[in-house]
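**Q** Counting with the working numbering, you get residues 54 to 252 for the letters of the sequence shown.
Glycine included, each C-beta is placed from N, C-alpha and C at the ideal position.
None of these values were measured; they are calculated from a predicted model.
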Amino acid sequence: MAKPAGPLPPGFYERSAPEVAPDLVGKLLVHDDGTIRAGRIVEVEAYSGSGDPAAHSRSGPTARNASMFGPPGRLYVYLIYGLHWCANAVCGPAGVGDAVLLRALEPARGVEAMTAHRSRSGRSIGCEDLCSGPAKLTEALAVDGTHDGCDLTTGDGLAIVDDGWLPDGLVNTTRIGISRGTDLRWRWYVDGNPHVSRR
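(1) Hey, how far is the Cα of Val169 from the Cα of Thr88?
(2) Per DSSP, what kind of secondary structure is Arg240 in: helix, strand or coil?
(3) Out of Ile231, Asp197, Gly186, Ala91, which one is the CA nearest neighbour of Gly135?
(4) Please look up how many angstroms separate the CB atoms of Val253 and Gly123, rounded, as I've assumed it's under 8 angstroms.
(5) Would Gly104 be called buried (16 or more neighbouring beta carbons within 10 Å of its own) or exposed?
(6) Quick one: residues in its chain with C-beta nearer than 8 angstroms to the C-beta of Ser120, no 5 flanking neighbours on either side, listed in chain order?
(7) Does DSSP put Val143 in a helix, in a strand, or in coil?
(8) Can you look up Ser101 in the DSSP assignment and give me helix, strand or coil?
(9) Below 7 angstroms CB to CB, which residues in the same chain sit around Leu132 once its five sequence neighbours on both sides are set aside?
(10) Between Leu158 and the rest of its own chain, which residues show a CB-CB distance below 7 angstroms, the 5 nearest in sequence each way excluded?
(11) Report the three-state DSSP secondary structure of Pro136 (helix, strand or coil).
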C-alpha cells in the first residue's frame, strides 16, 4: 500500500451519488482509533435522493437518515436487521439525500486487528471474507453508529484517501439486496476482485 496523500476534499463529494460512486472505487477507507485499519474500496452502490425508490432519503429527512442530508463528505451509518451497521459516503449538496454505500473492501492494513474484531464470535474468517459485504467491512474496521455524521474530509479518525491506485477494470451492474429501483445500474465493483460481496 502506497503512502496515502490525505483525505479526499469536500469538493470530491459535491456531485450526485451515481457520479461519485465509481470514482470511490480504488480509494482507501482508513479508520485510526489508535489502531490503524484500512481497506481498499472494491465495491460500491449509489443511492440518489427522492427520485430513487431504494434510497433511505426518498421520503425526506428522519431521525435515522439525517446524516444523509448533511454536508457532502460526511459518513451516514445505519443499522440493518437490528444487528449490523452499514456505512455510506454522503454526496451532493446538503439537503439532497445522496450517498454511496461502501459494499466491500480489500484489506490493506491492520488485517490482524480486523480479523480479531470480526472473530469475536469464535468463527474462523479468511481474508477474502473479511470485508466482503457492507456489514462485514464496518465490523472489521470497528465502525458503528457512533460514527454517523463524522467528517471524512478532515482525516480525524475516519477518512477516505487516494493513494493513486487505479483498478484494471470496473464492472457496472444493477444494485443487489433491494426490492425497489432494481433497474438502475448504480453498482460498481473491481473486475475479478475476490473481496467483492456475493449476490
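**A** If we stick to the structure as given:
(1) Before going on, a small fix: residue 169 reads as Ala here, not Val. Roughly 12 angstroms between the two C-alpha positions.
(2) strand
(3) Asp197
(4) Since the displayed the chain opens at 54 and closes at 252, residue 253 lies outside it and no answer follows.
(5) Sixteen is the threshold: since fewer than 16 other Cβ atoms of the shown chains lie within 10 Å of the Cβ of Gly104, the residue is exposed.
(6) Arg127, Leu128, Tyr129, Val130, Val143, Asp201, Gly202
(7) strand
(8) strand
(9) Trp138, Gly198
(10) Within the same chain, Leu158 has close Cβ partners Leu82, Gly92, Arg93, Ile94, Val95, Cys184, Leu190, His248.
(11) Correcting the residue type first, residue 136 is Leu in the shown sequence and not Pro. Leu136 falls in the coil class under three-state DSSP.
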